[in-house]
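Notes for the one structure printed next.
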Amino acid sequence: MVNVRVKVMILGILLVLLMGLFVLKIVVISQKEWVLIEEKYFPVNGNKGSTGIKTGEVIDEKNRYPSCSMRFDNGRTYKVDCDQYLDFNVGEKVRIITVDNEYAKLRRK
Numbered sequence: 266m267v268n269v270r271v272k273v274m275i276l277g278i279l280l281v282l283l284m285g286l287f288v289l290k291i292v293v294i295s296q297k298e299w300v301l302i303e304e305k306y307f308p309v310n311g312n313k314g315s316t317g318i319k320t321g322e323v324i325d326e327k328n329r330y331p332s333c334s335m336r337f338d339n340g341r342t343y344k345v346d347c348d349q350y351l352d353f354n355v356g357e358k359v360r361i362i363t364v365d366n367e368y369a370k371l372r373r374k
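Residue numbers for the sequence shown follow my numbering, so the first one is 266 and each next one is one higher.
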């Protein structure tokens, strides 16, 4: 009888642990989302702001020191490191890993 109680307690603890890990995984997945790159913006010499390579749209016109940015299909535009994400293409599916101080870190599929 004691062995059955111990086994039931261990099984209960393992089920609670499994449910906790499942909830944690769902929360982590929701923060990292797959998105398509719709537009890439680069600073152009002699022009304030960053200019889109596909549409020619200018963003950050008031910014004196424009930076590279990307607009995604979720409607958000994030600044990115120009050198690190130079070879990412418009229409490519990427995952937004983190956003630190308005700078996004991306990962390819």
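Each residue gets a CB set at the ideal place from its N, CA and C atoms; glycine is no exception.
Assuming residue 307 and residue 333 make a contact with CB atoms under 8 Å, what is their CB distance in whole Å? Here residue 307 refers to the residue found at position 42 of the sequence shown. Here residue 333 refers to the residue found at position 68 of the sequence shown. That belief holds up - the Cβ atoms of residue 307 and residue 333 are roughly 6 Å apart, short of 8 Å.
Who pairs with residue 364 in a beta bridge, going by DSSP? Sequence index remark: in the sequence shown, residue 364 carries index 99 (1-based). Answer is 369, bridged to residue 364.
Using C-beta distances below 7 Å, list every residue in its chain close to residue 318, excluding the 5 sequence neighbours before and after it, in chain order. Working through the sequence shown from its first residue, we reach residue 318 at position 53. Correct list, in chain order: 305 and 307.
State the Cα-Cα distance for the pair residue 287 and residue 277, rounded to the nearest angstrom. Translated into positions along the sequence shown, residue 287 becomes position 22. Translated into positions along the sequence shown, residue 277 becomes position 12. Those two C-alpha atoms are separated by around 15 Å.
Nonlocal neighbours in the same chain, by C-beta distance under 7 Å from residue 370, ignoring five residues either side: As a working mapping, residue 370 is identified with position 105 in the sequence shown. Result list for residue 370: 362 and 363, in chain order.
Environment of residue 291 [buried if 16+ CB atoms lie within 10 Å]: Translated into positions along the sequence shown, residue 291 becomes position 26. It counts as exposed.
Contacts around residue 346, its chain only, beta-carbon distance under 8 Å, and the 5 residues preceding and following it disregarded: Taking the sequence shown and counting its residues from 1, one reaches residue 346 at position 81. Excluding positions up to five away in sequence, the list reads 333 and 368.
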